[in-house]
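Position one of the sequence shown corresponds to residue 153 (the working numbering), numbered consecutively onward. The beta-carbon is built from N, C-alpha and C at its ideal position, and this holds for glycine as well. Heads up, the thing below is written out as structure tokens.
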Amino acid sequence: MFLKNNIVIVATFVVSLLFPSLSMAQDEVYDAVRKNDFKITLLSLGSGSTRITYERAFNPLNSAEATLGIIGLGWDWMNKSNPSGLLIKMAYKWRIIPQCSSDSWLAGFYVKPEFVATLFRQDYRYRSGPEPPKCPYMTRQIALLAESGYQFLAKWFVFDVYAGLGPSVGSGNDYNYFHSFMLFPVEGWLAFTAGFRVGVAF
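Shown next, in the form of structure tokens:
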């Protein structure tokens, strides 16, 4: 039920971003600029998940983005815990210092609040040893992060680097393995995130 409800929320959010207001749709300047992008978080592939982000700019200073992550679609090189599950992220962005460009509203230095929710199963090592036994373990975790970053555009190419902090609650796990953020300390409540994305603007 958790997965189904959050997939519906993300889908509704993304669909709402696809449709600009009727008044702006008639504006030739509005139609000429790049105000959409799709991005992928490259480092997530090495932690066992694939994350795709869609962003929609409403004007030169504001945009919203939604991320869907498929946990298990990747290579979990560090933990080798065979994860499977879902990640969702939703954020509203304020561009404090826009990148000077006449053909895009997506670039510049920004701040954003971001909601993150994860639900996934992993193989949990419950005893020490050369090859400790494993059992399935379910992690449920949410976080609300205050982030800042810079998004650079060169024609259609997008590069987005970001970092942030915020509170997190949930079931936790002994490996500090949450997808999209880490906790400090491991059994604490402060979440930290950092990374970069690359993508295409249109």
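Query, Result
"Whose C-beta lies closer than 6 Å to the C-beta of PHE261 among residues of the same chain, with five residues either side of it excluded?", "ILE248, ILE249, TYR302"
"Would you call the segment 212 to 227 and the segment 239 to 246 in contact, with 3 or more CB pairs under 8 Å?", "yes"
"At the level of alpha carbons, what is the spacing between ALA413 and ASP326?", "Only positions 153 to 354 of the chain appear in the structure, and residue 413 is not among them; the question remains open."
"Does the structure place the segment 201 to 209 close enough to the segment 224 to 240 that three or more beta carbon pairs sit under 8 Å?", "yes"
"Distance, Cα to Cα, GLY351 vs LEU195?", "14 Å"
"Does the beta-carbon of SER320 have 16 or more other beta-carbons within 10 angstroms, so that it is buried, or is it exposed?", "buried"
"Closest to MET290 by CA distance: which of GLN274, GLU299, LEU297 is it?", "GLN274"
"Could you tell me the distance, in whole angstroms, from the CA atom of SER256 to the CA atom of LEU342?", "35 Å"
"Span of the beta strand (DSSP E) holding LYS245?", "236 to 250"
"Do LYS191 and ASP312 count as a contact pair if the criterion is CB distance below 8 Å?", "yes"
"Measure the alpha-carbon distance for LEU335 versus ASN328 and round it to whole angstroms.", "6 Å"
"Return yes when the Cβ of GLY316 is within less than 8 Å of the Cβ of LEU297, no when it is not.", "yes"
"In whole angstroms, what is the alpha-carbon distance linking GLU207 and LYS232?", "31 Å"
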